[in-house]
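Under UniProt numbering, the first residue of the sequence shown is numbered 1, with each subsequent residue one higher. Here a beta-carbon is modelled for each residue, glycine too, at the ideal position from N, C-alpha and C.
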Amino acid sequence: FTELSNLGFNTNNKQIDGCFSSADRTGSLGCCGWVIVIISGFFAFLLFPITIWFLLKIVQEYERAVIFRLGRITDRKAKGPGIFFVLPCTDSFVKVDLRTVSFDIPPQEILTKDSVTVCVDGVVYFRVSDPIASVANVTNADFSTRLLAQTTLRNVLGTKNLAELLSDREGIAHSMQSSLDEATDNWGIKVERVEIKDVKLPIQLQREARAKVIAAEGEMNASRALKEASLVIAESPSALQLPEKNSTIIFPLPMDVISHFMRK
């Protein structure tokens with residue numbers, strides 16, 4: 001057990017669980033490790049004109065390099081941007097892109113709290129905030145975040161009813177962002193924004209909604225026509241409204257004409 005520790009094998013439970021803290025990211029290489037590093041450095045210096053092309057590395061402004069020396073992370077801070085050096089045979093590095101990445105959440109069929117099936121999709125914006133954690137704590141931070149976004153969308157919308165889903169998109173998006181950001185913190189991921197793009201109702205609900213809209217438009221047009229008719233009747237005192245489904249027709253006549261016929 002002591003020999004394994006001296007060779008650089010850490011038996012800390014935190015690393016076995018896959019969660020690396022800042023203190024666990026660096027450690028002693030052990031006697032054997034330092035001997036290998038010294039030999040590698042000696043040959044690199046001896047063959048300097050040739051090995052310079054293998055020692056010199058460059059990363060862009062939006063990139064960082066996580067260096068591994070004999071399988072261990074060499075520093076608590078990623079290298080870059082610019083030029084840095086690595087030792088041949090003992091060092092390897094992984095480039096991490098720090099730019100904001102956006103991706104679409106595929107349409108998900110979700111059963112709301114009031115038992116209505118809807119199809120919802122969205123978009124997520126995230127970036128790498130801790131390059132070392134994104135490399136050491138998760139196999140593929142980008143792919144894992146995409147999968148987690150789908151399940152988070154289902155979990156959050158499953159607690160909402162249809163009315164809340166249609167009227168409170170901003171609140172739902174904020175709730176999703178908080179959940180995703182908290183879940184991906186150990187992966188070195190910062191979720192910057194979540195948006196709900198579209199909510200598709202079932203065809204039956206769409207037809208019912210369309211029928212209600214048509215009925216409402218018909219009632220509005222009928223009320224306007226009745227208003228115009230009432231204005232016409234108010235302007236003409238002798239005008240009468242004819243009853244529907246009745247064959248009796250009434251003609252108004254002046255009283256002096258009727259009295260003339262009664263005298264005869």
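Using a Cβ distance threshold of 8 Å, determine whether the region 106 to 116 contacts the region 157 to 165, with at least three qualifying pairs required.
yes
For Glu-195, which of Val-123, Asp-168, Leu-153 and Arg-127 has the nearest alpha-carbon?
Val-123
Is the Cβ-Cβ distance between Ala-149 and Trp-187 less than 8 Å?
Not a contact, by the Cβ cut-off of 8 Å.
Can you check whether the CB of Val-191 is closer than 8 Å to the CB of Phe-103?
The Cβ atoms of Phe-103 and Val-191 lie no closer than 8 Å to each other.
Sub-8 Å separation of Lys-95 and Glu-63 beta-carbons:
yes
Output the distance between the C-alpha atoms of Ser-92 and Ser-144, rounded to the nearest integer angstrom.
Between Ser-92 and Ser-144, the C-alpha separation is close to 24 Å.
So, with DSSP's three-state summary, where would you put Thr-117?
strand
To the nearest angstrom, how far is the alpha carbon of Asp-198 from that of Val-120?
6 Å
Below 8 Å, can you find three or more Cβ-Cβ pairs linking the region 70 to 87 to the region 43 to 62?
yes
Rounded separation between Val-116 and Glu-164 - CA only
12 Å
Kindly indicate which three-state DSSP category Pro-49 falls into: helix, strand or coil?
helix
Look up Ala-65 in the DSSP assignment and say whether it is helix, strand or coil.
strand
Selected residue, minimal CA-CA separation from Ser-175, among Asn-221, Asp-185 and Thr-152
Thr-152
Go through its chain and collect everything with a Cβ distance to Lys-200's Cβ below 8 Å, but skip five positions before and after it.
Pro-107, Val-118, Cys-119 and Val-120
Continuous alpha helix (DSSP H) stretch holding Gly-171: start and end:
169 to 183
Going by DSSP in three states, Pro-88 sits in which element: helix, strand or coil?
coil
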